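Chemist: Heads up: the sequence lines are chains A and B, in that order.
With our numbering applied, the first sequence corresponds to residues 1 to 197, in that order.
With our numbering applied, the second sequence corresponds to residues 1001 to 1197, in that order.
Got a structure here, written out as structure tokens. Questions coming.
2 protein chains.
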Amino acid sequence: MFSPLIDQLINSLRHLPGVGPKSAQRMALHLLERDREGAQNLSEVLAKAVEHVHRCQQCRTLTEQALCNICSNARRNRKELCIVETPADVIAIETSAVFSGYYFVLLGRLSPIDGIGPKEIGMDVLASRFAEGEIEEVIIATNPTIEGEATAHYISERAKAQGIKVSRIAHGIPIGGELEYVDGGTLAHAISRRQEI
Amino acid sequence: MFSPLIDQLINSLRHLPGVGPKSAQRMALHLLERDREGAQNLSEVLAKAVEHVHRCQQCRTLTEQALCNICSNARRNRKELCIVETPADVIAIETSAVFSGYYFVLLGRLSPIDGIGPKEIGMDVLASRFAEGEIEEVIIATNPTIEGEATAHYISERAKAQGIKVSRIAHGIPIGGELEYVDGGTLAHAISRRQEI
């Protein structure tokens, strides 16, 4: 309905997650009518990010440096390694400020049906870190989904084979949550994994 | 929290309307983890759009051509001119398929407090179209806000001075709407502007 170039921009904006045709139209017109500088800036930063952002050599998170901020910080605890699925998970745990070790980002989870095997989640890199002998505890923080649990199981077997202690983050009722509003699956898990006090 | 370039990308994405810090983070990671081609494409189309999209010489809507699709269509009704605030309004009216004349896009509305006067809404261009003598009816479809009404009043005075018939689109209860859920302002307007049947 718009001119070809504007239609093309609307279509390109739909690559963004959670953006449907109406939002994409609103975004395109907003940028062109009122924020051309912002549009120009977004275009340049996007191109730069696509060109320069790659995976951290050590933990596989996304970064434009050879080593990410966390891996290049020598003052963290070398004995603990936390394994997560995505870079956003690293930020979530960092924000909670309870973990001072290093991370390893799988950038996915084992899912044979989607063709994601040990190689795709960087198991070779992870195995060589296990073999270095510096790590004393591996904390597995993959999501509590079927694939996440399978991934956790697979990694824990590999770590235990190297004599490393393995733990899984706790799942149950969120702090401040009310039982009444918690889903059945979580509640069942919380009861079966109850701990003596 | 992320590496500088990723943080910069997240900030740039916040220029998009309706995108807060969480959505911007999700968008940035989605593009970098899973859709680099889409990101590259968006960057290129954005740069091209910022460079080439300007205002249609005749109706002031956004287009990369000298004249937009509608203005360059000689088979429309030259006697009717519909005045709207934004390019999105043109598309909305075109979709309803009840109007076959030409448009004029103000790209805003009179708002002295924001420094938007007759010049900013292209009143000089519009006045010269009124003066051409081809237009028989001007349909004013600015939004029913205080500024939109003031703009409608101002334009109608200018058009009437040239002997052109002026009309305003109808405001009232939306078709298919239920009185119970219509706001008081709309209901008051609908009652005071009731029409004999």
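Just so it is clear, CB atoms sit at the ideal spot from N, CA and C, and this is done for glycine as well.
Computed from a predicted structure; not experimentally measured.
1) Would you say R1036 (chain B) reaches chain A, if we count a Cβ-Cβ gap shorter than 7 angstroms as a contact?
2) Among the candidates A:Q58, A:H171 and A:S3, whose CA atom is the shortest distance from the CA of C71 (chain A)?
3) Check whether the Cβ of V84 (chain A) lies closer than 7 angstroms to any Cβ atom in chain B.
4) Provide the residue span of the alpha helix (DSSP H) that contains K1022 (chain B), from first to last.
5) Whole angstroms are fine: how far does the CA of R1055 (chain B) sit from the CA of A1066 (chain B)?
6) Starting from the N-terminal side, write out each stretch of the alpha helix (DSSP H) that is 4 residues or longer and does not extend beyond the region 1075-1111 of chain B.
7) Counting only beta-carbon separations shorter than 7 angstroms, does P87 (chain A) have a partner in chain B?
8) Do you know offhand how far P17 (chain A)'s Cα is from R1194 (chain B)'s?
9) Is the region 138-149 of chain A in contact with the region 167-176 of chain A, if contact means three or more CB pairs nearer than 8 angstroms?
10) On the DSSP letters alone, give me the boundaries of the beta strand (DSSP E) that I173 (chain A) sits inside.
11) Determine contact between the region 76-91 of chain A and the region 1085-1103 of chain B, defined as no fewer than three beta-carbon pairs at a distance below 8 angstroms.
12) Does chain A have any CB closer than 7 angstroms to the CB of L1029 (chain B)?
13) Check each candidate in A:G122, A:Q8 and A:N69 and name the one with the smallest Cα separation from E1044 (chain B).
14) Since H54 (chain A) sits in a beta bridge, which residues does DSSP pair it with?
15) Which complete alpha helix (DSSP H) runs does the region 1118-1163 of chain B hold, if anything under 4 residues is left out?
16) Can you grab the Cα-Cα spacing for the pair I155 (chain A) / V105 (chain A), in whole Å?
17) With a threshold of 7 angstroms between beta-carbons, can A1091 (chain B) be considered close to chain A, or not?
18) Which of the three DSSP states, helix, strand or coil, is assigned to K1191 (chain B)?
19) Which one of A:L5, A:I93 and A:I191 has the shortest CA to CA distance from F1002 (chain B)?
20) Can you tell me the Cβ-Cβ gap for R1109 (chain B) and T1151 (chain B), rounded? I've got them flagged as a contact below 8 angstroms.
21) Please state whether DSSP places I1070 (chain B) in a helix, a strand or coil.
22) Straight-line CA distance for G1172 (chain B) to L1187 (chain B)?
23) Below 8 angstroms on the Cβ atoms is my guess for V53 (chain A) versus L1032 (chain B); work out the distance and round it to an integer in Å.
Modeler: Considering the structure as presented:
1) yes
2) A:Q58
3) Judged by the 7 angstroms Cβ criterion, V84 (chain A) is not in contact with chain B.
4) P1021 to R1034
5) 8 angstroms
6) 1087-1096
7) yes
8) 46 angstroms
9) The region 138-149 of chain A vs the region 167-176 of chain A: in contact.
10) Looking at the DSSP string, I173 (chain A) is not in any beta strand (DSSP E), and its letter there is neither H nor E.
11) no
12) yes
13) A:Q8
14) A:T63
15) 1123-1132 and 1146-1161
16) 13 angstroms
17) Position check: residue 1091 (chain B) holds Ile in this sequence, whereas Ala was assumed. Closer than 7 angstroms to some Cβ of chain A, the Cβ of I1091 (chain B) qualifies, so yes.
18) This sequence places Ile at residue 1191 (chain B); Lys is not what is there. I1191 (chain B): helix per DSSP, three-state reduction.
19) Nearest in C-alpha terms to F1002 (chain B), of all of A:L5, A:I93 and A:I191, is A:I93.
20) 4 angstroms
21) coil
22) So the alpha carbons of these two residues sit roughly 7 angstroms apart.
23) 5 angstroms
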